[in-house]
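Numbering (my numbering), first residue to last: -14 to 91.
Worksheet: the structure to be examined is printed underneath.
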């Protein structure tokens, strides 16, 4: 018998919305990349590409997954100019949604 409702353990557990897991326009690699990234401990600074390596997502699949996440509003990129004029791209993953369950645009 499978119990559908239970109390989650306090550690090593992350809850995700069904809207994310069953999103019709995200591939399984995109969902896996986002869930890995969002399940990292608070304050962890790990790049999406490093997360993809750890999740064993290949290069082409990573590029496709990242594009899907950006198109659907789950990942946002900010470009900042640092000291010496060098540019940096900083991606931010989020799952804040509006009332219809779609990701909010910044």
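Beta carbons are placed, not taken as given, at the ideal position from N, Cα and C, and that holds for glycine.
Among the bridge pairs identified by DSSP, residue 65 is matched with 73. Take residue 47, set aside five residues on each side of it, and the residues of its chain with a beta-carbon closer than 6 Å to its own are 37, in chain order. Residue 59 is classed as buried because its beta carbon has at least 16 other beta carbons within 10 Å across all chains shown. In the three-state scheme derived from DSSP, where H, G and I count as helix and E and B as strand, residue 78 is classed as strand. Distance between residue 9 and residue 15, taken at the CA atoms: about 11 Å.
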